[in-house]
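Since the structure comes first, as structure tokens, the remarks are kept for the end.
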Amino acid sequence: MRAVAIPLHARQTLLAGVGLIALSVVMPAAASETRVVPREVYPAPFETELVSDVLPGFTQNQTAFLGVLSELVFLQAAVAEPLLRSASPEQADSVIRTELSLAAEEESGTPGMDTASTENWQVSVFLLHGVEEVERVTRPLPAAGLSFSEVQQLVQEATAAFVPYMGPVERSLEVAEIVQRSRREEVEQILSLEDRLDSRFLFTLWAAEIRAVRYSEVTFDAVTGNVDEYFDETELVFSPFPIVAELIYFRSRGFGFLARMSVDFNRSTPFYEWTLEAEEGDQVKSAWNQTDNLILLPGIGLHYRSLGRVGIDLSLIYSLGAARVTARRDVAQDEVFDQQETVDNFLAEGESIWFLYQMLTFQPGLTVALNDRWALRAATSFGFDPRALAESTPFNDSAAFAFRYLQLGLARRF
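Residue numbers for the sequence shown follow our numbering, so the first one is 27 and each next one is one higher.
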């Protein structure tokens with residue numbers, strides 16, 4: 027094959043072409059070293075103490091509206107445009123700030139404080155990119171302060187004015203990765219905690235409670251023996267009972283089916299109200315603590331939970347079981363009687379009787395996660411026997427309602 031001689035100028039042209047091709051390959055690589063990320067915004071807190079200094083007539087509620095304006099504008103803008111919250115104004119791409127100023131400043135320059143009245147003040151919300159003011163929304167400050175509707179209008183106006191200037195920004199690849207990694211780690215920590223707490227079963231052992239006991243009292247006349255006065259009382263009682271074993275099976279992340287067994291031993295459920303004993307003088311008679319009560323209540327229900335370090339619980343429970351009542355002294359239901367009389371629903375000292383007992387209970391509460399598996403639970407509840415609505419309970423109506431101020435439990439996930 028015959029060799030081809032390439033002239034010098036042709037070689038230079040060829041090398042230049044190769045260089046251009048190489049440059050065209052390198053240029054996109056260099057351009058890819060930047061990345062577009064959401065803008066970081068810092069909603070600057072407004073010092074509400076300044077309001078009381080210059081406008082002493084403002085109430086705390088009126089001042090509070092000014093204190094949250096920047097935050098409200100940021101939250102509203104984040105709905106329209108993806109934004110990241112910055113930890114400090116120095117690190118932020120943009121700053122949202124709220125200020126009070128005198129309307130006369132623009133005309134006279136430096137007005138004296140003695141000429142300032144409430145009508146002369148105006149509130150401004152403005153957007154900064156670095157130290158440069160980009161946009162501002164101003165509204166006169168009424169003498170009574172901003173109302174809720176006026177705050178809404180100001181937030182909407184400021185959001186509409188700011189959003190066009192709050193688009194994403196370019197970051198170097200290294201910085202963008204650091205920002206995204208930190209945001210990702212924050213989200214992953216929250217989600218991973220929720221994922222770890224998303225167990226299929228939750229077993230809780232409840233013990234100890236503070237309950238409200240409602241009972242009736244009556245005063246007897248010392249001469250005639252007739253009822254002199256009748257009134258209701260409510261007393262708070264602390265008890266280590268009931269002991270409740272509860273198992274919840276979750277079909278989804280938040281909702282589950284509940285089964286429980288409650289064993290309660292107390293003297294405070296007022297199945298019987300009146301005592302038999304009659305003593306000298308005017309006497310107050312009550313029997314809410316004159317019986318030993320054993321209550322066995324298995325139950326089923328529905329349960330809702332929210333996952334997190336502190337979660338909210340809601341349970342709706344129906345329980346059907348039995349109660350055994352043993353009289354510690356002679357008692358009866360809803361009757362005032364003498365020692366010589368025998369009345370309906372009478373229970374003599376030492377006697378026992380079993381009742382069918384049921385409760386429909388609504389129980390809200392909190393679950394505090396100690397770690398991935400163990401948690402402390404606290405709840406309050408209100409329950410009633412549905413038969414009380416028809417006044418057909420075989421015991422005193424006061425025992426058909428149960429209000430528990432506080433129940434404590436230890437829970438295990440698995």
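A virtual CB, placed ideally from N, CA and C, is assigned to each residue, including glycine.
Fair warning: this is a prediction, and the values are worked out from it, not measured in the lab.
- Around the Cβ of I274, a 10 Å sphere holds 16 or more other Cβ atoms; the residue is buried.
- Per the coordinates, the alpha-carbon of A106 lies some 39 Å from the alpha-carbon of F283.
- Residue V351 holds the alpha-carbon nearest to the alpha-carbon of N315 among G347, G327 and V351.
- For S175, the uninterrupted alpha helix (DSSP H) run begins and ends at F174 to F188, by DSSP.
- The Cβ neighbour count for W232, taken over all protein chains shown within 10 Å, is at least 16; the residue is labelled buried.
- Residue burial annotation: E272 is buried, with at least 16 other C-beta atoms found within 10 angstroms of its C-beta.
- Assigned with DSSP and collapsed to three states, D423 falls in helix.
- For L101, there is no enclosing beta strand (DSSP E); the enclosing alpha helix (DSSP H) covers residues L95 to A106.
- Taking the Cα positions, I236 is about 32 Å away from R222.
- For G376, no beta strand (DSSP E) run applies, since DSSP gives it neither H nor E.
- For N292, the enclosing beta strand (DSSP E) starts and ends at F281 to N292.
- Going by C-alpha positions, L98 is about 37 Å away from L328.
- Minimum Cα-Cα distance from I321 among the listed residues L346, G334, P296 and F291 corresponds to F291.
- The three-state reading of DSSP puts P324 in strand, counting E and B together.
- With respect to A118, S112 sits close: the two C-beta atoms are nearer than 7 Å.
- Membership of R350 in the beta strand (DSSP E) is indicated by the continuous run V336 to A353.
- Per DSSP, the unbroken beta strand (DSSP E) holding P166 starts and ends at E158 to P166.
- Residues of the same chain with a CB within less than 8 Å of the CB of T185, apart from the 5 flanking positions on each side, are V99, Q102, A103 and A106 in chain order.
- Per DSSP, Y191 lies in no beta strand (DSSP E) and is assigned neither H nor E.
- In the DSSP assignment, S120 is bridged to V67.
- Straight-line spacing of the CA atoms in E73 and G93 works out to 7 Å.
- Closest by C-alpha distance to Y298, out of T419, L340 and F388, is T419.
- Here E159 has F152 as same chain residues with Cβ atoms under 7 Å from its own Cβ, once five neighbours each way along the sequence are excluded.
- For Q316, DSSP assigns no beta-bridge partner whatsoever.
- The beta-bridge partner set that DSSP reports for E261 consists of V239.
- Per the coordinates, the alpha-carbon of T295 lies some 7 Å from the alpha-carbon of N319.
- A straight-line Cα-Cα distance of about 39 Å links R162 and G334.
- For Y275, the uninterrupted beta strand (DSSP E) segment begins and ends at I269 to F276.
- The three-state reading of DSSP puts A113 in coil, since its state is none of H, G, I, E or B.
- Taking C-alpha positions only, S341 is separated from L219 by approximately 23 Å.
- Contact check for R65 against M192 passes: the beta carbons are separated by less than 7 Å.
- According to the DSSP assignment, F408 belongs to the beta strand (DSSP E) that extends over W400 to F410.
- One thing to note: A401 has its Cβ no nearer than 7 Å to the Cβ of E375.
- Annotation: the continuous beta strand (DSSP E) that includes S150 extends over W147 to H155.
- The beta carbon of F421 sits closer than 7 Å to the beta carbons of F297, Q359 and F381 from its chain, once the five residues preceding and following it are set aside; these are given in chain order.
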